[in-house]
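Novice: Note that numbering that gives the first Met the number 0 numbers the sequence shown so that position 230 is 229, with each residue one more than the last.
Note that beta-carbon positions come from the ideal geometry of N, C-alpha and C, so glycine has one too.
This structure is a prediction, so every number in the text was calculated from the model and none was measured.
What follows is a structure written as structure tokens; I'll ask about it next.
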Amino acid sequence: MKFMKLGSKPDTFQTDGNCVRYVATDLATDVIVHVGDVKFYLHKFPLLSKCARLQKLVSSGNEGNGDEVKIDDLPGGPSAFEVCAKFCYGMTVTLNAYNVVTSRCAAEYLEMHETVEKGNLVYKVDVFLNSVIFRSWKDSIIVVQNTKSSSPLPEEVKIISQCIDAIASKASVHVSKVDWSYTYNRKKIAEENGNDPSWNGLRNRTVPNDWWVEDLCELDIDLFKRIIMTIKNKQAVSSEVIGEALKAYAYSKLPGSGKNVIQQNDLVKYRNILDTIVWLLPAEKGSVSCSFLLKLLKASISADSGETVKMELAKRIGRRLEEASVSDLLIQACDGEETMYDVHVIKKILEEFVTQDENSVAEMENGCEIQEMIRPGILSEASKLMVAKLVDGYLVEIAKDPNLPFATFTGIAEIVSSYPRPSHDALYRAIDTYLKVHPGISKSERKKLCRLMDCKKLSAEACMHAVQNEKLPLRVVVQVLFFEQVRASASSGSSTPDLPKAIKDLNCGSYGSSRSQTTNTDEDWDAVASSEELRALRGELAALRLGNGAMQERSNGAVESKMISNSDRAAISKMKGLIMSKRIFSKIWSNKVENSGSDSSESLGSANHDEVKSTPTRKGRHSVS
């Protein structure tokens with residue numbers, strides 16, 4: 000730390016208790032200066048010759064006694080006045096980064112200018128500031144840290160603004176020219192840990208771009224804001240480094256993420272920090288990570304920040320949602336909320352993501368240029384796929400909340416329902432979890448819930464689970480069984496799926512059942528499958544797999560007779576009455592078409608319908624009939 004000594008006479012100031020200061024000399028004192036609770040017994044001549052304000056106070060006879068002067072609002076208090084008094088006596092005074100601000104402000108208050116006497120204290124301190132302090136990184140940081148004062152003098156004499164500009168200028172210097180001392184402990188390197196025997200203690204490594212960030216984390220938020228704004232205005236530091244500075248400051252000042260981590264008496268303080276950090280965020284997309292933005296959002300919810308801050312964060316997160324993880328989206332709801340997680344803010348983030356896509360499409364329709372129309376990371380199919388998978392994983396987690404409304408769950412799922420997914424296994428897990436945790440939902444809600452997934456996109460393992468799932472409507476179980484047979488037939492090399500006889504009859508027969516029969520059977524389709532029905536379907540599914548695997552060695556009838564037990568045949572016969580109606584199967588098939596993903600160009604049902612009509616049934620193949 001740099002310092003400057005003023006004066007040459009020995010320091011003869013003495014202390015009598017805690018509240019009395021005097022000069023040890025044979026000459027009697029003739030003035031008493033009260034500064035706060037401390038009395039200074041001094042001499043008029045050395046003081047008045049350099050302090051214009053004291054001249055006025057003494058001549059005006061403060062409180063009717065010209066020998067006593069009372070000063071209550073001196074910046075820096077008694078310690079700063081003692082520095083000024085010693086300077087007036089010519090005693091040795093040491094200025095450094097810790098006392099230079101209070102000394103300069105006290106000298107300004109006492110009017111110790113060049114017009115009173117040449118080489119006065121104001122001039123001496125200014126020389127020290129400009130030639131030493133503002134040229135030193137560490138001293139500049141110390142000075143700006145010690146400007147906490149209710150007095151406006153530091154601002155009036157422009158010490159703070161000059162110090163901020165000096166700090167910003169040094170932070171904006173290219174790293175190749177940085178040769179001053181700074182703090183950088185966040186990234187340990189081998190030589191500084193003593194693991195490199197060739198390291199001689201000299202700074203012989205490349206200076207990191209964010210070398211200045213850690214020192215600024217020690218400042219109050221108002222000073223930090225002013226310095227960051229000055230750095231941004233100089234346009235010499237990248238937005239990524241600015242973002243790193245905001246991230247480091249947030250981690251050093253804000254408590255850990257989570258629920259109820261901010262105490263009530265600290266709400267205003269942390270809310271101010273959050274609002275300022277969000278306001279300082281660079282506009283560039285890659286300046287901060289999506290994970291950091293989500294942490295800020297969690298903190299803003301805990302601190303009960305304003306809607307403007309939350310919506311700004313939601314908007315920024317929505318532009319980069321493909322970078323998030325499921326754990327990032329699990330934001331605890333505030334006290335008083337019924338749900339476990341804050342699902343509403345996540346829904347707004349998803350809507351913002353979709354809005355970006357819709358805006359791009361609107362630009363394309365308006366004839367804008369291609370460069371404006373395409374936004375990497377937003378309109379790409381890969382981005383949509385990542386967000387769709389992210390939402391599926393998020394639905395699995397929030398489905399465990401027993402208080403989650405049905406409309407909220409389906410509303411989040413429907414936002415990205417048009418986005419392509421190669422597999423709907425995660426979505427099936429979410430639906431299965433919701434049905435398990437919410438057994439009391441109605442048949443219509445259960446049916447709408449199952450429409451969210453496409454049975455064609457379930458893996459073999461998911462199909463096996465679905466066939467055994469007693470919580471699913473019978474309609475869905477039959478659809479899963481059918482598509483599993485289609486997959487099994489295709490994998491066996493058959494050009495046409497070998498459909499069960501009853502389903503073939505539904506596909507190519509007439510629609511002759513009555514309306515009453517149709518209505519009653521529809522209710523059976525939407526009802527939950529019984530254990531016997533599921534056992535029969537499992538037997539059929541096993542028969543399909545083994546039958547296709549052993550086609551070249553034995554007849555399909557022999558295989559099915561081994562797989563389906565006599566106890567299952569009664570349940571199969573029961574199901575035959577449900578699936579004999581041609582109109583019902585048509586209705587199921589239409590629902591299946593609605594459930595198909597947006598990436599399917601045509602209905603698989605129509606293709607299979609033609610194939611079934613044109614392909615003869617193989618001998619010996621038995622269906623559920």
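Note down, one range per segment and in chain order, each alpha helix (DSSP H) of at least 4 residues found wholly within the stretch 78-153.
Specialist: If we require 4 residues or more, the alpha helix (DSSP H) runs fully inside the stretch 78-153 come out as 99-108, 120-130, 136-144.
Novice: Just to confirm the assignment, what range does the alpha helix (DSSP H) spanning E396 have?
Specialist: Where E396 is concerned, the enclosing alpha helix (DSSP H) stretches over 380-397.
Novice: Could you pull out every residue in the same chain whose Cβ sits closer than 8 Å to the Cβ of W179, ignoring the five residues on either side in sequence?
Specialist: Closer than 8 Å at the Cβ level, and outside the excluded window around W179, lie S135, W136, K137, K169.
Novice: Just how far apart, CA to CA, sit K231 and E243?
Specialist: Each residue's alpha carbon lies about 13 Å from the other.
Novice: Pick out whichever of T24, R20, K43 has its Cα sitting closest to the Cα of D36.
Specialist: Of the listed residues, the one whose Cα sits closest to D36 is R20.
Novice: How far does the beta strand (DSSP E) with Q54 in it reach, from first residue to last?
Specialist: No beta strand (DSSP E) holds Q54; the alpha helix (DSSP H) holding it covers 51-59.
Novice: Suppose the cutoff is 7 Å on Cβ atoms and the five residues either side in sequence are ignored; what does the same chain contact list for D626 look like?
Specialist: What the structure shows of the chain is the stretch from 0 to 624, and residue 626 is not part of that stretch, so it cannot be assessed.
Novice: Hey, quick one: how far does the alpha helix (DSSP H) through M228 stretch, first residue to last?
Specialist: 220-233 is the span of the alpha helix (DSSP H), which, as asked, contains M228.
Novice: What are the boundary residues of the beta strand (DSSP E) that Y40 is part of?
Specialist: Unbroken beta strand (DSSP E) run through Y40: 37-41.
Novice: Would DSSP call T14 helix, strand or coil?
Specialist: In the structure shown, T14 sits in a strand (DSSP, three-state: E or B).
Novice: I need the DSSP call for H33, collapsed to helix, strand or coil.
Specialist: Reduced to three states, the DSSP call for H33 is strand.
Novice: Please tell me whether, using a cut-off of 7 Å, the distance from the CB of A489 to the nearest non-hydrogen atom of the ligand NAD is below it.
Specialist: Questions concerning the ligand NAD fall outside what the structure shown contains, since it holds no ligand whatsoever.
Novice: Taking DSSP as the reference, what is the three-state secondary structure of M3?
Specialist: Here M3 sits in strand by DSSP.
Novice: Using three-state DSSP, classify I70 as helix, strand or coil.
Specialist: I70: strand per DSSP, three-state reduction.
Novice: Would you mind sorting D15 into buried or exposed? The rule is 16 or more other CB atoms within 10 Å of its CB.
Specialist: Burial call: exposed.
Novice: When burial is assigned at 16 or more other CB atoms within 10 Å of the CB, is D391 buried or exposed?
Specialist: Looking at its Cβ environment, which holds 16 or more other Cβ atoms inside 10 Å, D391 is buried.
Novice: How big is the Cα-Cα spacing for P254 and R103?
Specialist: Rounded to whole angstroms, P254 to R103 spans 37 Å at the Cα level.
Novice: For Y433, which of helix, strand or coil comes out of DSSP?
Specialist: Helix at Y433.
Novice: Cutting at 8 Å between CB atoms, please list the residues of its own chain near S290, excluding the five before and the five after it.
Specialist: Once the five neighbours on either side are set aside, the close Cβ partners of S290 are E322, A323, S324, D327.
Novice: Excluding the five sequence neighbours on either side, which residues of its own chain have a C-beta within less than 6 Å of the C-beta of N17, listed in chain order?
Specialist: Within the same chain, N17 has no close Cβ partners at all.
Novice: Run through DSSP, which three-state label would Q331 get?
Specialist: Strand, per DSSP.
Novice: Among I345, V115, D334, R474, which one has its Cα closest to the Cα of V386?
Specialist: Checked all of I345, V115, D334, R474; the closest Cα to V386 is I345.
Novice: Evaluate the contact criterion for the stretch 218-226 versus the stretch 266-279: three or more CB pairs, one atom per stretch, below 8 Å.
Specialist: Result yes; three or more Cβ-Cβ pairs closer than 8 Å.
Novice: With DSSP as the reference, label R319 as helix, strand or coil.
Specialist: Reduced to three states, the DSSP call for R319 is coil.
Novice: From the DSSP secondary-structure annotation, give me the bridge partner or partners of Y340.
Specialist: According to DSSP, Y340 bridges with Q331.
Novice: For the beta strand (DSSP E) that R420 lies in, which residues bound it at each end?
Specialist: Here R420 belongs to no beta strand (DSSP E), and DSSP marks it neither H nor E.
Novice: Please report the residue range of the alpha helix (DSSP H) in which R445 lies.
Specialist: Run containing R445: 442-449, per the alpha helix (DSSP H) assignment.
Novice: For the putative contact between P472 and C449, defined by C-beta atoms under 8 Å, what is the C-beta separation to the nearest angstrom?
Specialist: The pair is a contact, with the Cβ atoms about 6 Å apart (cut-off 8 Å).
Novice: From what residue to what residue does the beta strand (DSSP E) around V212 run?
Specialist: Counting along the chain, V212 falls outside any beta strand (DSSP E), though it belongs to the alpha helix (DSSP H) covering 212-215.
Novice: For Q54, which residues in the same chain have their Cβ closer than 7 Å to its Cβ, ignoring the five residues on either side in sequence?
Specialist: Cβ neighbours of Q54 beyond the five flanking positions: L47.
Novice: Would you kindly report the start and end of the unbroken alpha helix (DSSP H) that includes Y269?
Specialist: Here the alpha helix (DSSP H) through Y269 covers 266-279.
Novice: State the start and end residues of the unbroken beta strand (DSSP E) segment that holds Y21.
Specialist: Looking at the DSSP string, the run of the beta strand (DSSP E) that includes Y21 is 19-22.
Novice: Which two residues bound the contiguous alpha helix (DSSP H) that contains H464?
Specialist: It spans 459-466 - the alpha helix (DSSP H) in which H464 sits, taken as one unbroken run.
Novice: Counting Cβ pairs closer than 8 Å, one from the stretch 105-113 and one from the stretch 140-147, do we hit at least three?
Specialist: No contact exists between the stretch 105-113 and the stretch 140-147.
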